[in-house]
Amino acid sequence: MDHIWSPWRYQYVSAIAQQPGCVFCRMLAEDDDEKNFIVHRGKLNFVVLNIFPYTSGHLMVVPYEHQGELGGLDQAAGSEMLELARRCERAITQEYRPDGFNVGFNLGKCAGAGVAEHLHLHVVPRWCGDANFVSVIGETRNLPEALETTFSRLRKHLH
Ligand SMILES: [Zn+2]
């Protein structure tokens, strides 16, 4: 696969990104964490469900600071980001027992970032065979679980 994270949800995320302002900054300002599926607010970062998950349990760790470049992120925020990614890994493991994870950044649109102007670290649980499944069904996917269910399952570990 050329893009690990997001080619099939790019159009949807693009549509959201076309609303005025940054989607991450907007959900932070809205202060309605259940509606926005924000599972945790840390000191310098928050953790949110990807609303078009690659697999069930797909989380993102997002710095509060509107910053598109990893090099522009301050050290404390970067450290907390990794710590929260570790907590996400633990929470997902406890709830979903995946076979593995992809953890990483898409920096820039050409690398597959749906929201290029605001950094976000993907934590994606993987199961053996899930990529084969995707290649068979192309760009559509039936998620086995509603986002509300994922939200409550993961929030109890992260809140
Ligand atoms: Zn932003």
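Just so you know, the sequence shown maps onto residues 229 to 387 in our numbering. Just so it is clear, CB atoms sit at the ideal spot from N, CA and C, and this is done for glycine as well. All values reported here derive from a predicted model rather than from experimental measurement.
Subject >> Other residues of its chain near Phe-274: CB distance less than 8 Å, five sequence neighbours each side excluded >> reply: Numbered from its first residue, the sequence shown carries residue 274 at position 46. So the list reads Leu-256, Ile-266, His-268, Val-289, Val-290, Tyr-292, once near-sequence residues are dropped.
Subject >> Reference Phe-252; option with closest CA among Leu-272, Glu-262, Val-276 >> reply: Here residue 252 corresponds to residue number 24 of the sequence shown, with the count starting at 1. That would be Val-276, whose Cα lies nearest to the Cα of Phe-252.
Original post:
In chain order, what residues have a CB nearer than 6 Å to some heavy atom of ligand 1?
Top reply: Checking every Cβ against the heavy atoms of ligand 1 under 6 Å gives Cys-250, Phe-252, Cys-253, His-294, His-346.
Original post:
For Pro-281, which option in His-387, Leu-386, Asp-358, Lys-384 has the closest C-alpha, if you only look at C-alpha atoms?
Top reply: The sequence position of residue 281 within the sequence shown is 53, counting from 1. Nearest option by C-alpha distance: Asp-358.
Original post:
Grouping DSSP H, G and I as helix and E and B as strand, with all else coil, what is Gly-299?
Top reply: Counting from one through the sequence shown, the residue named residue 299 turns up at place 71. It is helical.
**OP:** Return the bridge partner residues of Arg-269 from the DSSP annotation.
**Re:** By one-based count along the sequence shown, residue 269 stands at place 41. DSSP, once it has assigned bridges, lists Phe-274 as partnering Arg-269.
Subject >> Option nearest Arg-383 by Cα separation, candidates Glu-262, His-350, Arg-254 >> reply: Stepping through the sequence shown from its first residue, residue 383 is reached at position 155. Taking the Cα of Arg-383 as reference, the smallest distance to any Cα among Glu-262, His-350, Arg-254 is reached at Glu-262.
**OP:** For Ile-365, count neighbouring C-beta atoms within 10 Å of its own C-beta (all shown protein chains included) and say buried if the count is 16 or more, exposed if not.
**Re:** In the sequence shown, the residue the question calls residue 365 occupies position 137. For Ile-365, the predicted model reports a pLDDT of 49, less than 50, meaning its position is unreliable and no value from the coordinates is stated.
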